[in-house]
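Quick note: the sequence shown uses this note's numbering, first residue 1, plus one each step. C-beta: ideal position from N, C-alpha, C; glycine also. Written below as structure tokens is the structure these notes are about.
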Amino acid sequence: MTRHRAPLESPLLTRQLQIFTDAERVIAHPVVRNRGTVGGALRQAGPSAERSAACVAIGAKMPIRTSTRERILSMGQVHRGRYRTAIGGEIACPAAEEALRDARPTGEVFAHAAQLAANACAHVSDQRGSGEYKRHVAGVLTERALRRATARAQHREEER
Ligand SMILES: Cc1cc2nc3c(=O)[nH]c(=O)nc-3n(C[C@H](O)[C@H](O)[C@H](O)COP(=O)(O)OP(=O)(O)OC[C@H]3O[C@@H](n4cnc5c(N)ncnc54)[C@H](O)[C@@H]3O)c2cc1C
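Okay, here's the thing in structure tokens:
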């Protein structure tokens with residue numbers, strides 16, 4: 001029931017989980033953000049949904065309730081692919097994630113992870129651009145996001 005605009009209005013969330021508000025800020029436009037809900041978007045599992053990616057990145061867990069039982073699943077278990085949700089299965093880019101795990105945050109590591117993310121990109125050509133263009137942009141944005149996250153984490157450390 002939480003609408004997209006709600007996280008944007010939360011100073012606490014902005015301070016503690018800025019990636020989440022970064023994601024919300026670029027979702028569509030105010031009409032969609034005023035009406036659409038976080039739960040609906042996560043359930044929809046659109047392949048380019050910013051919030052789903054943010055939830056995977058922060059290791060979010062999703063409680064799934066039916067009338068008879070409740071399970072708590074990781075986002076990787078919830079999302080099974082484009083517009084598909086299910087139990088089990090993994091999304092995002094596991095190869096890039098693996099390359100980053102326990103690695104020092106260097107430019108070489110980021111470039112390697114960005115290349116893996118670009119390779120994993122499903123390059124469908126459509127009205128938004130050619131597959132090749134999207135693959136290239138996926139790599140560029142991955143590297144940029146890693147640099148920004150590192151700078152942000154360093155800034156937090158210095159503030160402590
Ligand atoms: C014009 C437009 C532009 C958009 N642009 C973007 C964008 O830039 N980035 C982005 O990430 N998304 C974008 N979206 C997607 C948007 O975020 C989702 O459509 C919206 O959040 C869906 O929320 P809703 O509450 O309307 O869900 P609904 O459409 O009502 O529901 C979607 C599905 O989820 C189910 N559902 C809803 N809530 C729950 C719940 N709590 N638990 C279990 N199942 C549930 C519903 O039964 C339905 O099957 C865009 C959508 C539109 C229309």
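- When the alpha-carbon of Y83 is set against those of R25, R65 and L42, the nearest one is in L42.
- Residue range K61 to R65 is occupied by the beta strand (DSSP E) that includes M62.
- For E157, the three-state secondary structure derived from DSSP is helix.
- One alpha carbon belongs to E143, the other to V31, and they sit about 31 Å apart.
- Considering only F20, H136, L146 and R69, the residue with the shortest C-alpha distance to A103 is L146.
- Taking the C-beta atoms as reference points, I72 is found no nearer than 9 Å to R51.
- Minimum Cα-Cα distance from V140 among the listed residues E158, E157 and A117 corresponds to A117.
- With 16 or more neighbouring CB atoms inside 10 Å of its own CB, E24 falls in the buried class.
- With respect to A54, F20 sits close: the two C-beta atoms are nearer than 9 Å.
- Within the same chain, no Cβ atom closer than 6 Å to the Cβ of G40 is found once the five residues on either side in sequence are excluded.
- Residue side-chain check: M75 keeps its Cβ at 8 Å or more from all non-hydrogen atoms of ligand 1.
- DSSP places D126 in the strand class (E or B) of the three-state scheme.
- Secondary structure at R43: helix, using DSSP grouped into helix, strand and coil.
- Under DSSP, S48 takes part in no beta bridge, so it has no partner.
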